[in-house]
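Counting in UniProt numbering, the final residue of the sequence shown is number 158, and the numbers go up one at a time with none missing.
These notes concern the structure reproduced below.
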Amino acid sequence: MTDALPPRQVVRTLEARKRIALIAHDGKKTEMLEWATRWQHTLGQHTLIGTGTTSGRLKSALGLEVEGLMSGPLGGDQQIGARIAEQQLDVLIFFWDPFAPQPHDPDVKALLRLAALWNVPVACNAASADFLLSSPYLSERYEMAIPDANAWAQARSV
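Now the structure itself:
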């Protein structure tokens with residue numbers, strides 16, 4: 001690929017109340033529910049978004065307010081990815097199952113690529129999610145560098 005990478009020159013400020021996406025593959029939904037139970041109070045202080053069944057289970061079992069999107073294989077992963085690209089998501093907690101093949105694996109890879117590109121903190125298991133939610137940055141304003149998409153697009157159009 002000959003295109004230059006977008007420079008990380010723009011500062012994005014995350015507010016103290018974070019927008020957190022919660023996703024779990026079928027083989028990890030019980031683990032996600034157990035983890036969310038431990039963090040219920042903390043999660044309740046933030047804006048939560050989830051895909052399909054995961055959001056439904058968190059709502060019914062824990063009474064958390066979770067905006068439900070489509071199931072991952074039906075486009076939910078792409079909906080979360082769009083929020084990342086539009087800077088409408090601050091943290092991604094995605095318990096993916098390394099043992100189960102996923103029919104929507106390209107969507108999962110695209111979602112994780114967008115999170116890496118836009119410098120979104122990602123947790124892929126309970127331990128990394130514990131570290132993320134216990135960080136003092138979770139409940140504070142936080143400034144981070146993101147790509148200067150406008151400069152990149154302009155440079156490509158010349």
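In this text, a Cβ means the ideal position worked out from N, Cα and C, and glycines have one as well.
Contact annotation: residue 64 and residue 49 have beta-carbon atoms that are not nearer than 8 Å. Taking all protein chains shown into account, residue 55 has 16 or more neighbouring C-beta atoms within 10 Å of its C-beta and is therefore buried. Between residue 46 and residue 29, the CB-CB gap reaches or exceeds 8 Å. When DSSP reads this structure, residue 144 sits in a beta bridge with 12.
With at least 16 other beta carbons inside 10 angstroms of its own, residue 77 counts as buried. Short of 6 Å from the beta carbon of residue 24, and not among the five residues preceding or following it, lie these beta carbons of its own chain, in chain order: 32, 54 and 95. Residue 94 carries a strand assignment under DSSP once its states are collapsed to helix, strand and coil. Our two residues, residue 60 and residue 12, have alpha carbons roughly 34 Å apart in a direct line. Here residue 26 is exposed: its Cβ has fewer than 16 other Cβ atoms, across all protein chains shown, within 10 Å. In the three-state reduction of the DSSP assignment, residue 75 falls in the coil class.
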